[in-house]
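Protein sequences, first through last, are from chains B and R.
Per my numbering, numbering through the first sequence is continuous, rising by one, with the last residue being 322.
Per my numbering, numbering through the second sequence is continuous, rising by one, with the last residue being 322.
Below: the structure, in structure tokens.
Number of protein chains: 2
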Amino acid sequence: MTTKIGILGYGNLGRGVECAVKQNPDIQLEAVFTRRNPSDVKILTDTAVVENVSSLEKYKGRIDVLILCGGSARDLPEQTPKAAKLFNLVDSFDTHAKIPEHFANTDAAAKAAGTLAIISGGWDPGMFSLQRLYANAILVSGKDYTFWGRGVSQGHSDAIRRIEGVKDAKQYTCPVQAALDSVRNGENPELTTRQKHTRECYVVLEEGADAERVEREIKTMPNYFDEYDTTVHFISEEELNAKHNTLPHGGFVIRGGKTGWNEETKQIIEYKLQLASNPEFTSAILVALARAAYRMSKEGQTGCRTIFDIPPAYLMAKDGEWIRKHLL
Amino acid sequence: MTTKIGILGYGNLGRGVECAVKQNPDIQLEAVFTRRNPSDVKILTDTAVVENVSSLEKYKGRIDVLILCGGSARDLPEQTPKAAKLFNLVDSFDTHAKIPEHFANTDAAAKAAGTLAIISGGWDPGMFSLQRLYANAILVSGKDYTFWGRGVSQGHSDAIRRIEGVKDAKQYTCPVQAALDSVRNGENPELTTRQKHTRECYVVLEEGADAERVEREIKTMPNYFDEYDTTVHFISEEELNAKHNTLPHGGFVIRGGKTGWNEETKQIIEYKLQLASNPEFTSAILVALARAAYRMSKEGQTGCRTIFDIPPAYLMAKDGEWIRKHLL
């Protein structure tokens, strides 16, 4: 069964989806929708077209699943429920605190339209969430830990760029090795924000900017940096472009639990991602979810779902017999 | 919703299930079924009864899910399809090569009886399989690695015990660090059996037995040891009982993959288990699967399933809203 998809938004994530589609012969890209002038957007896939977002409605019935590649802050809260009126869809909404609201809005729209929408795909939320769920279902008594990094946080990089005198910046979030070791050792420690992660900043200054002030403003920035041990490195634009031009990320989900009649037995589950490209990995997940969304829709399912609701086999192109034989 | 369970077979696994039930307030143990004389079997749960296996049929309608805790070699191939005629069930059938046949037999019996059977629960097959599936669905282009250990292999320990002159033995399977490092480094190496694992044996000899011969017989045993670097330590019975009296295990599932238009980006997914008790961890999974089996049965589903078919949320006692809020 071929799944015909559309991509809404052609940034890092949209391009990642396009690349992932190429690796999946049962998925076919029909169209990329952009807010820009379509003739200004060059895509990689010969067989797909670029359309302005205003043409979305014309594609109702011609696309099996729309993959939304916009941002969680400004795009998805409106886009997703609106798109659910026309298409089965997948998004990567990642503002944890607002997921219940986003779920409710999308569920209502999808149920009314008879479509199937999977929200919050990706790796966190997404694969990390799934690991937390499985680990909690198995080790009922225990403690969860999530560490991120070493990887680029785009939100933190943006926050630095907004400081006066900063020309460009990249911020890496790094797990603290001692904390990770303690968790892996089954000690189930109580950890403060500062004990779990450090922040490394690589900053290019505007000419004449006051480095000391910039460093102070970064380190004391509420929410973003004040609760962390932060190091700031001032480097040249050339060095930033040469050495910090990719978007690696990753992290760890660990649950330390106890089993046995008196909960005396230590059991530790760890899931680890080491990603050379955060957007390409996220995109690969979204494409697998698109396949699942279409299958669930074909079964007559409607409404909003998350990765928690999807039978794992629905993510794979191969059938049950093949999967049991080769992967079980 | 409370799920009433029965346990068939009361060895390490059966006792583990009983312990896991205690940690899950929505699961209730009704009865333990044994081939032994019930009055010879002492269980830990005051509120449950011990019955001879011949009484199984009497419990039809009084148990929501039967958890089969027998062995894959001799018990489950017959027991599971037979039990599926009476109950929803979960087993931990782990003879990989025979899973298709076991699935077909169980599926036919369960469909005819209108029951729901989940086979091959546990961690391998089970959680490891699930990780292979998710990783393959995401990283379409890549290579899978499974390492086991450091942990006790009961099959290998038994094989040593069958050698003349051996009084008792424990065998540990150990991953080779260099291989693990290479895989984690994304090198996607080709590894022989010998390059992946070593085998450590702790052996108690009968009085007067020929140590040299025993060591040679172990190291050259076909399938079990001949393809591995094996070390043999002769120790006293006291030392074996003091230092090797638990059943730790674990391992790693790693997929090294590539994403990007030209598959130029390295992405690595790793899942790791560190288990102080293999049977207690396996049991904890079986209990979560029992909850899922009952839910699927309540929906009217019948036939055979594996962990690949189960929406992850079905494994948790909490509802969707709670799970999305706390784990997504």
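Quick reminder that beta carbons are idealized off the backbone N, C-alpha and C, glycines included.
Cβ of residue i within 8 Å of any chain R Cβ
| i | result |
| --- | --- |
| W255 of chain B | yes |
| K292 of chain B | no |
| C13 of chain B | yes |
| P94 of chain B | yes |
| Q17 of chain B | yes |
| P32 of chain B | no |
| A104 of chain B | no |
| K237 of chain B | no |
| E24 of chain B | no |
| L110 of chain B | no |
| L241 of chain B | no |
| R126 of chain B | yes |
| S86 of chain B | no |
| F219 of chain B | no |
For residue i, the three-state DSSP class (helix, strand or coil)
| i | result |
| --- | --- |
| V208 of chain R | helix |
| P19 of chain B | coil |
| A129 of chain R | helix |
| Y308 of chain R | helix |
| N99 of chain B | helix |
| K(-2) of chain B | strand |
| F275 of chain R | helix |
| W117 of chain R | strand |
| V134 of chain B | coil |
| A77 of chain R | helix |
| A282 of chain R | helix |
| A111 of chain R | strand |
| N6 of chain R | helix |
| F122 of chain R | helix |
| I61 of chain B | strand |
| T300 of chain R | coil |
| E184 of chain R | coil |
| N46 of chain B | strand |
Test: residue i CB closer than 8 Å to a CB of chain B
| i | result |
| --- | --- |
| R289 of chain R | no |
| Y4 of chain R | no |
| D313 of chain R | no |
| P305 of chain R | yes |
| K319 of chain R | yes |
| N337 of chain R | Not covered by the structure: residue 337 of chain R. The range shown for chain R is -5 to 322. |
| P119 of chain R | yes |
| L62 of chain R | no |
| V35 of chain R | no |
| I212 of chain R | no |
| Y265 of chain R | yes |
| V146 of chain R | no |
Cutoff 6 Å; reference residue i; Cβ partners in own chain excluding five residues on either side
| i | result |
| --- | --- |
| A173 of chain R | L185, Q189, K190 |
| F275 of chain R | L269 |
| H238 of chain B | K164, Y196 |
One or two residues paired with residue i in a DSSP bridge
| i | result |
| --- | --- |
| D162 of chain R | R:V198 |
| Q295 of chain B | Paired residues: none, contrary to the question. |
| D223 of chain R | R:T192 |
| G171 of chain R | The displayed chain sequence assigns Gln, not Gly, to residue 171 of chain R. Paired residues: none, contrary to the question. |
| F141 of chain R | R:F246 |
| K260 of chain R | R:K252 |
| Y265 of chain B | B:V247, R:Y265 |
| T39 of chain B | None, per the DSSP bridge assignment. |
Cβ-based neighbour list, residue i, same chain, cut-off 7 Å, excluding 5 preceding and 5 following
| i | result |
| --- | --- |
| E12 of chain R | I1, L23, I37, L38, T39 |
| S135 of chain R | G251, K252, E257 |
| L127 of chain R | F302 |
| F228 of chain R | V197, L199, A205 |
| K161 of chain B | V198, L199, E200, E231 |
| V43 of chain R | A25 |
| M310 of chain B | I317 |
Proximity below 8 Å, CB of residue i to CB of residue j
| i | j | result |
| --- | --- | --- |
| I(-1) of chain B | I57 of chain B | yes |
| G145 of chain B | S271 of chain R | no |
| G180 of chain R | K266 of chain R | no |
| A287 of chain B | L62 of chain B | no |
| S66 of chain R | F87 of chain R | yes |
| V170 of chain B | I248 of chain B | no |
| E209 of chain B | T187 of chain B | no |
| I279 of chain B | I132 of chain R | yes |
| T300 of chain R | I113 of chain R | yes |
| S123 of chain B | L322 of chain R | yes |
Residues near residue i by beta carbon distance below 8 Å, same chain, minus five either side
| i | result |
| --- | --- |
| D175 of chain R | none |
| A102 of chain B | P75 |
Beta-carbon neighbours of residue i, restricted to chain C and to distances below 7 Å
| i | result |
| --- | --- |
| Q268 of chain B | Absent here is chain C; the protein component of the structure consists of chains B and R. |
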